[in-house]
Each structure stands twice: as C-alpha cells, then as structure tokens.
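*Asks:*
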Amino acid sequence: MYYIQSSAYISHQDTFRKKGFSKNLSENISTLIKPDYKEFINPALIRRMSEVLRMSVACGSAALQDAGVKTADAIIAGTGLGCLMDTEKFLNNVITIQGGMLPPTSFIQSTHNTIAGQLSLALSCHSYNMTHTQNSLSFEYALSDAMLMLDEQQGNILAGAADEYIDPLQPVANHFGLNRFPLTSGAGFFVLSDKASAHTNAVLADVLAIHDSDENICKDFLERNHLSSPDFILTDGYHDDTKRISQNFSETPVIPYTPLCGMYATSSAFAMHLAIDILQQKTEQVSGTAIRQHRNALIINQLLPGRTGLILIKNYEA
Amino acid sequence: MSVYVTGMGIISAVGNNVAENLSSLKERRSGIRKTKLACHPHEIFAAPVNLSDEDLRTRFQVSNTPHSRTSLLGIAAVAEAWGSNKHLPNVRTAFIGSTSVGGMDKTEKYYRQALEGNSADFSLVQTHDSGNTSEKIAHHFGIKGYINTLSTACSSAANALMLAARMLEHGHADRIVAGGSDPLTGFTISGFQSLMIYDEDWCKPFDENRNGLNLGEGAAYLVLENEKSISATGNKPLCLLKGWSNAADAYHQTASSPEGKGATLAMKNAIEKSGVALSDISYINAHGTGTKNNDLSESTALQNIFGKNIPPFSSTKAFTGHTLAAAGAIEAVYSVLSIVHQVLLPGLNYKTVMSETGLTPVTEYKSCQVNAVLSNSFGFGGNNTSLIFKKI
Numbered sequence: 010m011y012y013i014q015s016s017a018y019i020s021h022q023d024t025f026r027k028k029g030f031s032k033n034l035s036e037n038i039s040t041l042i043k044p045d046y047k048e049f050i051n052p053a054l055i056r057r058m059s060e061v062l063r064m065s066v067a068c069g070s071a072a073l074q075d076a077g078v079k080t081a082d083a084i085i086a087g088t089g090l091g092c093l094m095d096t097e098k099f100l101n102n103v104i105t106i107q108g109g110m111l112p113p114t115s116f117i118q119s120t121h122n123t124i125a126g127q128l129s130l131a132l133s134c135h136s137y138n139m140t141h142t143q144n145s146l147s148f149e150y151a152l153s154d155a156m157l158m159l160d161e162q163q164g165n166i167l168a169g170a171a172d173e174y175i176d177p178l179q180p181v182a183n184h185f186g187l188n189r190f191p192l193t194s195g196a197g198f199f200v201l202s203d204k205a206s207a208h209t210n211a212v213l214a215d216v217l218a219i220h221d222s223d224e225n226i227c228k229d230f231l232e233r234n235h236l237s238s239p240d241f242i243l244t245d246g247y248h249d250d251t252k253r254i255s256q257n258f259s260e261t262p263v264i265p266y267t268p269l270c271g272m273y274a275t276s277s278a279f280a281m282h283l284a285i286d287i288l289q290q291k292t293e294q295v296s297g298t299a300i301r302q303h304r305n306a307l308i309i310n311q312l313l314p315g316r317t318g319l320i321l322i323k324n325y326e327a
Numbered sequence: 429m430s431v432y433v434t435g436m437g438i439i440s441a442v443g444n445n446v447a448e449n450l451s452s453l454k455e456r457r458s459g460i461r462k463t464k465l466a467c468h469p470h471e472i473f474a475a476p477v478n479l480s481d482e483d484l485r486t487r488f489q490v491s492n493t494p495h496s497r498t499s500l501l502g503i504a505a506v507a508e509a510w511g512s513n514k515h516l517p518n519v520r521t522a523f524i525g526s527t528s529v530g531g532m533d534k535t536e537k538y539y540r541q542a543l544e545g546n547s548a549d550f551s552l553v554q555t556h557d558s559g560n561t562s563e564k565i566a567h568h569f570g571i572k573g574y575i576n577t578l579s580t581a582c583s584s585a586a587n588a589l590m591l592a593a594r595m596l597e598h599g600h601a602d603r604i605v606a607g608g609s610d611p612l613t614g615f616t617i618s619g620f621q622s623l624m625i626y627d628e629d630w631c632k633p634f635d636e637n638r639n640g641l642n643l644g645e646g647a648a649y650l651v652l653e654n655e656k657s658i659s660a661t662g663n664k665p666l667c668l669l670k671g672w673s674n675a676a677d678a679y680h681q682t683a684s685s686p687e688g689k690g691a692t693l694a695m696k697n698a699i700e701k702s703g704v705a706l707s708d709i710s711y712i713n714a715h716g717t718g719t720k721n722n723d724l725s726e727s728t729a730l731q732n733i734f735g736k737n738i739p740p741f742s743s744t745k746a747f748t749g750h751t752l753a754a755a756g757a758i759e760a761v762y763s764v765l766s767i768v769h770q771v772l773l774p775g776l777n778y779k780t781v782m783s784e785t786g787l788t789p790v791t792e793y794k795s796c797q798v799n800a801v802l803s804n805s806f807g808f809g810g811n812n813t814s815l816i817f818k819k820i
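For the record, the sequence lines run as chains A and B.
The first sequence lines up with residues 10 to 327 when you count with the numbering used here.
The second sequence lines up with residues 429 to 820 when you count with the numbering used here.
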C-alpha cells in the first residue's frame, strides 16, 4: 500500500493548504493564487527564483511539514516543459547579446532538474533525486517511480509535479490548437509512505502511464484493482471525450478538470490534489457534479492524444 | 533478478558506431577540434558528430516529420543497439530516454525567427519538449507502452540506465532500451561559457592545469534484459549491470561540494548494491569533465571510497567532449567495452599531477584483467549517479 500523507498544491484555484477547497471551486481561473512564499523560502533566494521554483519549493516544504516528517527519503518530480521562464530568459540573451558575457543565473536554473535540485538544497536532502519529463504523462511517471521506490525501501517520498506558463507559449498553443482553455501554471508535492500515520490523507492505489489510448485500458486498469467502476472520475475533459468516458461508466459522475485548473502538462497532479480533498471532505457537489459515494476516485488523463495516464485514489479511514 | 546488457549503440565525435569509437580510444584520437559551428558565433573547441541532420535522416530512413537532432542522434544509436531484435508478444519492451535540452537545436531557430518578427516556422518548436525526443526514437523502432524520459542534466542517461535496471529487477518490464542523447546547441555552449568553465583549449581532465570542459554531442543506448527476455530473444549477454545509485550533493545549484559528499554516497551505495568487492573494481570511468571543481571533488570522493588503493581511472571526455545527458550512456558503452575487451581506457591531455590529491589517471589503452567497472555521472544541481558493470 502507498499512503498519501500530505498534499500541497498551488494553482489557479485556492488550493494551497485549503482543506475543503473542492466545495468552493471558482469559475474564474485568470490568476495564479500564491501563498506568502517568505513562509517557506529564504527571502534572499526568492528574488532569483522563477515562479515554477517558488511554487515547487513552497509546496515541497509544506507537504513535508503537513506530513509531520523532517526530510524526504527521495525527491521525485515530473515536469512537462521544465523551467521555462529561465530557459526563455537565457535563450533570449544568447540570441540578442551575441558574443558578450552573459549572466549565468538563468542558465543554471534552466535545467529541468532545478525543481528537484532546489528542493534537495532547501531540505538538505542527500537522497535519490529524480526528474521525469514525458509531456502530459510526466506526473504519472514520477508517481510510478515513487511507488517502485516504496517497493524497494521504506520511507517517506516527496513526489510531485510542476509546470509554469510564459507568454511565448501562447502563439505556439494557438498554432497547434491547444488553446481551448487558458494556459496556466501549477505545482504540487505529495508525501507518499509505505506506512499509514495520523497524517494519512488517502491511499494511492495504482498508477499507469502508457503510450496508448485504447478504450480497454481503463477497464483493464480497474479490473486489476478489483473494481467495476469508480465512485467518481476526474478527466482532463479537453477533447470533448467526457461523453465517451461516461458511456463506459454510465452511472459514474465525471468531473472535467482542465476547465478548473487550466491547461498545462502536469495538470493531472491538480486532479489528484482535488480527488484527495473530495474524498477527505466528502464533498457532495463539485462544480455542478453530484458525488454520492466517497470510497475511491479515478483520474483519467488523455490531455494529449495517444497517451493515457490513470491514477486510482482510495479514501483512507483509520 | 539479474540485469543483462545485451546490446549497445553509440554515435559520437569519435565514431558513428561502437567499433569506430573503440578504434579511436585505442589510437588515442580525440573528436574535439577547434571549429566554427552554425549555432554559435565564435570558433570554439567542441566535439561535433560528423553527420548532418539530413545525413542522419537518409542513413536511418527517418520519416519526413519534425525531428530534433537529439532524436536523430538517438535513432542512430538505437539502430545499432536494437540491431536484429524483434517485438515478441511475451517480451514487454520499454523505452527510457534522456536529454538535457530536448529539441533546443530547433527551438533556437524558431525563437530567432520569432524575435526577428518574421513568421516563425512552428514545426521547429514542435520537437522542443524532452518527452518528444524519446517518443520519436521509440516510435521509429515500434516501441509502445512505457516510453519515458529523464532529465537530470549531465547524469541523465546514467539515471535512465538505473531506472531501467530497477524496473527489470522488479519485473515491470522484460527488455528496456535505455540511454540518452544531446546535440550541440548555442544555448548550452553559451551557458557553460557564462559559468566560465568552458576551456578555450583542449580540456585536460584530472590535470593540475585543467581549465574547464569542451562540449560534444552524441547519443548512446543500451539494451537491458532479464532472463525471461533473453530466453525468448536468444541475445548474448555482454555483461551485467550489477549496481546503481543516485544521491544528491545538496550543496550548490551547479558546483560540487569540496568533500564530494553526493559523489561519495552514490559510489558507496552503488558498490554496496552490486555486492562487488572494492578490489574487484578494475577500472573507473570517471565523470572527469576537466573543470577545476568537478575533478577535485570527484578525486576526493574516490579517496573517500578507495583510500590509497584507487583502481585505474580515466575520463574519456577528452575524446568525446562533454555530451551532457548522453555522457552517462556513452560512458556506459565504454565501460562495457572495457569488460568485453579486457582493457583499460585512456584519458588524454594529462601532464601534471593534481597537487591536492596526487592521483594519476590511465593514459594508455592497455590490456588488463577487468572484473567490474564503476562509471560515474554527476550533474548540475548535485545530481550524482554511479553504475557498476560486471563481467559474467
């Protein structure tokens, strides 16, 4: 069993350390709702950090605090596009300041593993430190790695995902028709453990990331977890496939999550944070959808065609 | 469950396949040269692969869809590693790639067009994300299902091999193609120059007067299998991947700690995992970038682990240049070659012993009984990975 001990998430909803936020979801997702970063990050460092680093370090630190553990036995991050703000800044310098000496900070902070690396620095954590980047499945692959690690060893693993919006993404999204919903940012970390504790929020029952979108993937996944249908489904809802999924599970409430958090590669981590809150708080109405049972939730991520991410979360009652 | 290496492929500045790379190592022929690259305004010492994107497309019959150079180099390496392997219904095959900059070689062109206010060619930016690099390679070889990418800067490919080994050990797959690729880009060249660790001469790993690294490009992929897969494929094992570990230095975003904490932890845990005695480690393919900081920190870590009995070691980066994410896989191929051919591989450009440590690297290609090889890959953000390959 993989126990979710804590869940800290920053998004365009009021998600950060707000138990019960699933009851008050907003239709307006125009701005990122940030905490006071000074509570979590040395103020001298904040200025140099991009948004994705601020969000990640704040969430990683908060998740550890909320799980009642001092340090992590592994830090595993997923990111679709990495540290875009610093990448774009340095790329801009390379092209516009030809030949001159360039300031190195944005290059240093441009690599994908800056997210997990900054967490290791902030937490003085010398253990396994990994970064998965497989576009829309980055978070699911990071979770799979965390579960594999808990099969190998005991402990508390800090696993999460982060992606940030920058303006140059908009024309690219427009060109490729990926602009049905606002492009947004989001990051979050979860403490996963092989043992339940007084802090346990929920159970991570199973995860699958696969380069396939066959209709049977969902059914097979539920079967291997001895379920015929989940109590409710969170789906990306980007491609109007909500209807198709509902047909397979006609009695199951379906909540599309992209309209709630906006569009970014690792938004299924937002869905996991939301699922945990719904299960814990037994939320009965989630943005107009009635939820009757609160035993388990299935997250279906088919944000990009031909790729499927599935996450099964179960309620935990001590 | 054991993890066998059964195939490998490589493309680097010292050769377009394994045999050419081995010849270059044997003849001490570096791929680093003073050159003017299209992606950078000045002449620099770098190690480019001798095939253009078009050459690679033609040679490996790559479809006419957008491919980053990162993917094209990867396809070249996997073509050799995969060889005559076939997809079999009961052999679950996965792909774990790695890259530090993904399709940055093409993004640079797109971004320049966009900045100049011209109508930008969006197909150039379509391959930007690192996941795309792996998908393009995997699809070229018909690999579906589990396709993942790791990105931990200069330790990326070593981590891909490590994740593959862990998944095989736990029965999550039967056969995994794992490795990494990175192209030369203006972004990375300017980046290392901005850090003032890009040598304006040939890099000199483990030399007292070393002054930085030279960048290279390339790719390497290995085929790793469990027993079940080998009995179905009939592939001949080359050696075992026996130990692995990743540890964080947690010291500085780019520099390594002077006491080599992360590097020491990675080596110690990998050796423990492998069950190989220290005395059975016959050769160490070091990370050895040629920067002041890395080579000192790594030397200190070697002393922490081996005391006064440090096995023969060298850095092959004076041949290939530092190929960033690909380095861990390129050096894994070299480690396997050391076992298969029972040889020690040389470093180049070494003259003066480092005053702090007094360690002398291997400088000649020479026969030796090789039982096990330790390969180190250390990345930005203090991401340290060590792998242990062992003779069967």
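Idealized CB from N, CA, C, for every residue including glycine.
Quick caveat, the model's predicted, so the values are computed rather than measured.
1. Alpha carbon to alpha carbon, what distance is there between V295(A) and R487(B)?
2. Going by C-alpha distance, which of I175(A), Q107(A), L157(A) and Q14(A) is nearest L41(A)?
3. With a threshold of 16 other CB atoms inside 10 Å of the CB of P476(B), please say whether the residue is buried or exposed.
4. Rounded to the nearest angstrom, what separates C92(A) and A504(B) at their Cα positions?
5. By how many angstroms is the C-alpha of A131(A) removed from the C-alpha of V181(A)?
6. Given that H598(B) touches chain A, what residues does it touch there, using C-beta distances under 9 Å?
7. How is I758(B) classed by DSSP in three states: helix, strand or coil?
8. Can you round the beta-carbon distance between A760(B) and S803(B) to whole angstroms, since I take them to be within the 8 Å contact cut?
9. Could you have a look at G559(B) and say whether DSSP puts it in helix, strand or coil?
10. Suppose you measure from the CA of L201(A) to the CA of E508(B); what does that come to, to the nearest Å?
11. So the candidates are S783(B), G614(B) and I738(B); which of them puts its Cα closest to the Cα of N102(A)?
12. Suppose only complete runs of 4+ residues qualify. What are the alpha helix (DSSP H) ranges in the region 443-493 of chain B, listed by chain order?
13. Could you run through the region 204-238 of chain A and flag, in chain order, every residue whose CB is less than 8 Å away from some CB of chain B?
14. Let me know the beta strand (DSSP E) ranges lying completely inside the region 71-100 of chain A, each 3 residues or longer, listed in chain order.
15. Any idea what DSSP makes of M429(B), helix, strand or coil?
16. Answer yes or no: does any C-beta atom of chain A fall closer than 9 Å to that of Q681(B)?
17. Would you call the CB atoms of S526(B) and A754(B) closer than 9 Å?
18. Compare the C-beta of I575(B) with all C-beta atoms of chain A and state if any pair is closer than 9 Å.
19. List the DSSP bridge partners of G671(B).
20. Beta carbon of I166(A), beta carbon of A278(A): below 9 Å?
21. Going by other Cβ atoms of all chains shown within 10 Å of its Cβ, with 16 needed for buried, is N51(A) buried or exposed?
22. Pick out whichever of R603(B), N654(B) and N478(B) has its Cα sitting closest to the Cα of M429(B).
23. G807(B): which of L479(B), H600(B) and S579(B) sits nearest, CA to CA?
24. Any beta carbon of chain A sitting closer than 9 Å to that of K745(B)?
25. Can you pull the chain A neighbours of E536(B), defined as C-beta to C-beta under 8 Å?
26. Go ahead and label T661(B) buried or exposed: buried means 16 or more other beta carbons lie within 10 angstroms of its beta carbon, across all protein chains shown.
27. Need the endpoints of the alpha helix (DSSP H) that V506(B) sits in, please.
28. In terms of alpha-carbon separation, which member of K323(A), E260(A) and M272(A) lies closest to N234(A)?
29. Check the Cβ-Cβ distances between G735(B) and every residue of chain E, and say whether any is below 9 Å.
30. Could you round the C-beta distance between G315(A) and H220(A) to whole angstroms and report it? I think they count as a contact, below 8 Å.
31. Going by DSSP in three states, I19(A) sits in which element: helix, strand or coil?
32. So which residues of chain A does S703(B) contact, with C-beta pairs closer than 9 Å?
33. Expressed to the nearest angstrom, what Euclidean distance is found between the alpha-carbon atoms of H598(B) and I658(B)?
34. Closer than 8 Å is the cut-off here; do at least three beta carbon pairs connect the region 602-622 of chain B with the region 304-320 of chain A?
35. Helix, strand or coil for D782(B)? Go by DSSP, reduced to three states.
36. Quick one: list the residues of chain B neighbouring M110(A), beta-carbon separation under 9 Å, in chain order.
*Replies:* In short:
1. Within the second sequence, numbered from 1, the residue matching residue 487(B) stands at position 59. Within the first sequence, numbered from 1, the residue matching residue 295(A) stands at position 286. One C-alpha to the other measures close to 55 Å.
2. As a position in the first sequence, residue 41(A) is number 32, starting the count at 1. A check of alpha carbon separations from L41(A) across I175(A), Q107(A), L157(A) and Q14(A) identifies I175(A) as the nearest.
3. As a working note, residue 476(B) is residue 48 in the second sequence. The residue in question, P476(B), is buried, as its Cβ has 16 or more Cβ neighbours within 10 Å.
4. The sequence position of residue 92(A) within the first sequence is 83, counting from 1. The sequence position of residue 504(B) within the second sequence is 76, counting from 1. Roughly 29 Å between the two C-alpha positions.
5. Counting from one through the first sequence, the residue named residue 181(A) turns up at place 172. Counting from one through the first sequence, the residue named residue 131(A) turns up at place 122. Rounded to the nearest angstrom, the two C-alpha atoms are 34 Å apart.
6. Your numbering for residue 598(B) matches position 170 in the second sequence. The CB of H598(B) comes closer than 9 Å to the CB of L157, D160 and E161 in chain A, given here in chain order.
7. The sequence position of residue 758(B) within the second sequence is 330, counting from 1. The answer is helix: DSSP assigns I758(B) an H, G or I state.
8. Against the second sequence, residue 760(B) aligns to sequence position 332. Against the second sequence, residue 803(B) aligns to sequence position 375. Yes, they are in contact, since the Cβ atoms of A760(B) and S803(B) sit about 6 Å apart, within 8 Å.
9. Numbered from 1 along the second sequence, position 131 holds the residue referred to as residue 559(B). Correct three-state label for G559(B): helix.
10. By 1-based counting over the first sequence, the position of residue 201(A) is 192. By 1-based counting over the second sequence, the position of residue 508(B) is 80. One alpha carbon belongs to L201(A), the other to E508(B), and they sit about 40 Å apart.
11. Numbered from its first residue, the first sequence carries residue 102(A) at position 93. Taking only the C-alpha atoms, the option nearest N102(A) is G614(B).
12. As far as the region 443-493 of chain B is concerned, its whole alpha helix (DSSP H) runs of at least 4 residues are 446-454 and 481-487.
13. So the list reads A218, I219, H220 and D221, given in the order they occur along the chain.
14. Fully enclosed beta strand (DSSP E) runs of 3 or longer: 83-87.
15. Against the second sequence, residue 429(B) aligns to sequence position 1. The answer is coil: DSSP assigns M429(B) none of H, G, I, E or B.
16. Along the second sequence, one-based indexing puts residue 681(B) at 253. Residue-level contact by beta carbon holds for Q681(B) and chain A, with a gap shorter than 9 Å.
17. Indexing the second sequence from 1 puts residue 526(B) at position 98. Indexing the second sequence from 1 puts residue 754(B) at position 326. Contact flag set, yes.
18. In the second sequence, counting from the first residue as 1, residue 575(B) sits at position 147. Chain A, which has a Cβ nearer than 9 Å to the Cβ of I575(B), makes this yes.
19. If you number the second sequence from 1, residue 671(B) lands on position 243. I816(B).
20. As a working mapping, residue 166(A) is identified with position 157 in the first sequence. As a working mapping, residue 278(A) is identified with position 269 in the first sequence. The Cβ atoms of I166(A) and A278(A) lie no closer than 9 Å to each other.
21. For the purposes of this step, residue 51(A) is taken as residue 42 along the first sequence, with counting starting at 1. By the neighbour-count criterion, in which a residue is buried when 16 or more other Cβ atoms sit within 10 angstroms of its Cβ, N51(A) is exposed.
22. Stepping through the second sequence from its first residue, residue 429(B) is reached at position 1. Closest by C-alpha distance to M429(B), out of R603(B), N654(B) and N478(B), is N654(B).
23. By 1-based counting over the second sequence, the position of residue 807(B) is 379. Distances from the alpha-carbon of G807(B) to those of L479(B), H600(B) and S579(B) put S579(B) closest.
24. Counting from one through the second sequence, the residue named residue 745(B) turns up at place 317. For K745(B), no CB of chain A lies under 9 Å from its own CB, so it is not counted at the interface with that chain.
25. Walking along the second sequence from the start, residue 536(B) turns up at place 108. Within chain A, the residues near E536(B) are L100, V103 and I104.
26. For this step, residue 661(B) is matched to residue 233 along the second sequence. Flag for T661(B) reads buried.
27. Position 78 of the second sequence holds residue 506(B). Residues R497 to W510.
28. Translated into positions along the first sequence, residue 234(A) becomes position 225. Ranking K323(A), E260(A) and M272(A) by CA distance to the CA of N234(A) puts K323(A) first.
29. Checking the listed chains, one finds no chain E in this structure; the protein chains it contains are A and B.
30. In the first sequence, residue 315(A) corresponds to position 306, counting from 1. In the first sequence, residue 220(A) corresponds to position 211, counting from 1. About 6 Å separates the two Cβ atoms, so the contact holds.
31. The sequence position of residue 19(A) within the first sequence is 10, counting from 1. I19(A) sits in a strand when the DSSP states are folded into three classes.
32. As a first step, residue 703(B) is located in the second sequence; it is residue number 275 there, counting from the start. The sequence shown places Gly at residue 703(B), rather than the Ser named in the question. Near G703(B) there are no residues of chain A at all, since even the closest Cβ is about 16 Å away, more than 9 Å.
33. Here residue 598(B) refers to the residue found at position 170 when the second sequence is read from its first residue. Here residue 658(B) refers to the residue found at position 230 when the second sequence is read from its first residue. Straight through space, the alpha carbons of I658(B) and H598(B) are spaced by roughly 16 Å.
34. No, the region 602-622 of chain B does not touch the region 304-320 of chain A.
35. Against the second sequence, residue 782(B) aligns to sequence position 354. Per the sequence presented here, residue 782(B) reads as Met, with Asp not at that position. Reduced to three states, the DSSP call for M782(B) is coil.
36. For the purposes of this step, residue 110(A) is taken as residue 101 along the first sequence, with counting starting at 1. Residues of chain B passing the Cβ test: Q621, S622 and M624.
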